[in-house]
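Undergrad: If you're matching positions, the sequence shown starts at 0 in numbering that gives the first Met the number 0 and goes up one per residue. C-beta atoms are modelled at their ideal positions from N, C-alpha and C, and glycine is treated no differently. Computed from a prediction, not measured in an experiment: that's the story for all the values here. Before we start, here is the structure in question, set down as structure tokens.
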Amino acid sequence: MTFETKEEVFEKIMDMEKPACPHCSAVMSIWEVPPINIGDGLGWGTPYLFMCVNDECPLYTRGWDSMMENYAQRASYRCINFPGTDQFELIPVFSPLGGKGQVIDDETMAAEEALKQNIKRGFSILADCYVNQDSVTVLNLLTDSSEPVRVRLKAAEMIGDIGELEAIDPLRSLKFGNQRLQEAVSAAISKIHERFFTRECPFCAEIIKRRATLCKHCSREVAGQ
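Written as structure tokens, this is what we have:
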């Protein structure tokens with residue numbers, strides 16, 4: 000079974016046509032499901048839903064009286080939709096701001112779209128680098144903190160495939176705040192060594208042949224090290 004990341008789900012939802020609320024016909028907004036489960040405690044099964052945040056929606060305006068009469072609760076309802084389906088449900092809200100804190104606004108949408116385009120651009124550059132065996136540009140993308148993490152992870156993977164021995168020292172000196180990226184760089188260094196049948200001297204850290212018994216740089220015995 001293939002599991003989608005939250006980012007992949009969001010990209011799909013961004014490409015969908017937003018549904019209209021069946022109660023007021025207003026275009027619904029993308030709503031990020033809060034980390035604390037609601038209702039039966041089992042969660043919604045998706046990180047994003049569509050929600051009607053129209054304060055003039057009849058469902059919402061009448062819901063206050065209905066909830067008070069039936070449950071003695073100062074609350075109302077907003078309509079939600081499961082993306083890609085015709086399934087509409089109700090979610091309780093306990094203030095006029097209820098649910099609005101998780102709405103993905105236009106500014107956030109624009110930022111996510113820009114990120115999506117930057118990822119596509121980065122992957123396109125990396126594809127050209129692989130064809131042209133351009134490890135220098137790959138290394139530049141990897142070390143550029145302004146690049147999306149997905150691009151840098153792909154660059155780390157690629158430098159292991161096409162990088163030369165000269166890339167090992169710069170890679171060793173890199174420190175990343177992202178653990179996955181740091182692990183990907185370590186894996187790339189190991190892959191470069193595998194391709195060239197080399198390793199690093201445990202005493203002076205210079206690159207030597209994997210089968211070497213004496214380091215040609217520091218003359219220390221490295222057999223079995």
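At 3 residues or longer, and completely inside the stretch 53 to 121: list those beta strand (DSSP E) runs for me, N to C.
TA: Correct list: 75 to 80 and 87 to 92.
Undergrad: Whole angstroms is fine: what's the gap from T1's alpha carbon to L58's?
TA: Below a pLDDT of 50, predicted positions are generally treated as unreliable, and T1, at 48, falls in that range; the measurement from the model is reported next regardless. If I take the Cα positions, the gap works out to 37 Å.
Undergrad: Does the distance from the C-beta atom of T45 to that of F81 stay below 8 Å?
TA: Result yes, Cβ atoms of T45 and F81 sit closer than 8 Å.
Undergrad: Measuring CB atoms only, is the stretch 88 to 98 touching the stretch 113 to 128, in the sense that at least three cross pairs come out at less than 8 Å?
TA: No, the stretch 88 to 98 does not touch the stretch 113 to 128.
Undergrad: Taking a contact to mean a Cβ-Cβ separation below 8 Å, would you say L180 touches L138 in this structure?
TA: Taking 8 Å as the Cβ cut-off, L180 and L138 do not qualify as a contacting pair.
Undergrad: Quick one: what's R198 bridged to in DSSP?
TA: Answer is I207, bridged to R198.
Undergrad: Quick check: E205 and L213, are their CB atoms within less than 8 Å of each other?
TA: Their beta carbons are not under 8 Å apart, which means E205 does not touch L213 by this criterion.
Undergrad: Roughly how many angstroms lie between the CA atoms of E10 and A222, to the nearest whole one?
TA: Distance between the alpha carbons of E10 and A222 is about 52 Å.
Undergrad: Exposed or buried, which one is E146 when buried takes at least 16 other CB atoms within 10 Å?
TA: When all chains shown are included, E146 counts as buried.
Undergrad: Are there 16 or more other CB atoms within 10 angstroms of the CB of K52, so buried, or fewer, so exposed?
TA: Reading off the sequence, residue 52 comes out as Val, not Lys. Answer is buried; the Cβ neighbour count reaches 16.
Undergrad: Check whether the stretch 189 to 199 touches the stretch 160 to 172, taking contact to mean three or more Cβ pairs, one atom from each stretch, closer than 8 Å.
TA: Yes, the stretch 189 to 199 touches the stretch 160 to 172.
Undergrad: Go ahead and pull the three-state DSSP assignment for L213.
TA: Correct three-state label for L213: strand.
Undergrad: Identify whether L48 lies in helix, strand or coil by the three-state DSSP scheme.
TA: L48 falls in the strand class under three-state DSSP.
Undergrad: Run through the stretch 155 to 198 for me and flag every whole alpha helix (DSSP H) of 4 or more residues, listed as ranges in chain order.
TA: Qualifying alpha helix (DSSP H) stretches, in chain order: 167 to 172 and 178 to 195.
Undergrad: Output needed for P33: all residues of its chain with C-beta closer than 7 Å, excluding positions within five of it in sequence on either side, in chain order.
TA: Closer than 7 Å at the Cβ level, and outside the excluded window around P33, lie Q101.
Undergrad: Give me the Cα-Cα distance between P95 and M13, rounded to the nearest whole angstrom.
TA: Their Cα atoms are separated by approximately 26 Å.
Undergrad: Count the other C-beta atoms from every protein chain shown that fall within 10 angstroms of the C-beta of S134, then say buried if there are 16 or more, exposed otherwise.
TA: Counting Cβ neighbours within 10 Å, S134 comes out buried, since at least 16 surround it.
Undergrad: Go to S28, then tell me how far its beta strand (DSSP E) extends in each direction, as first and last residue.
TA: S28 to E31 is the span of the beta strand (DSSP E), which, as asked, contains S28.
Undergrad: Just to confirm, is the Cβ distance from V184 to L164 under 8 Å?
TA: Contact flag unset, no.
Undergrad: Please go through the same chain and pick out, in chain order, the residues whose beta-carbon is closer than 7 Å to the beta-carbon of F195, but skip the five residues on each side of it.
TA: Cβ neighbours of F195 beyond the five flanking positions: L164.
Undergrad: Quick check: the Cα distance between V92 and K99, rounded to an integer number of angstroms?
TA: So the alpha carbons of these two residues sit roughly 10 Å apart.
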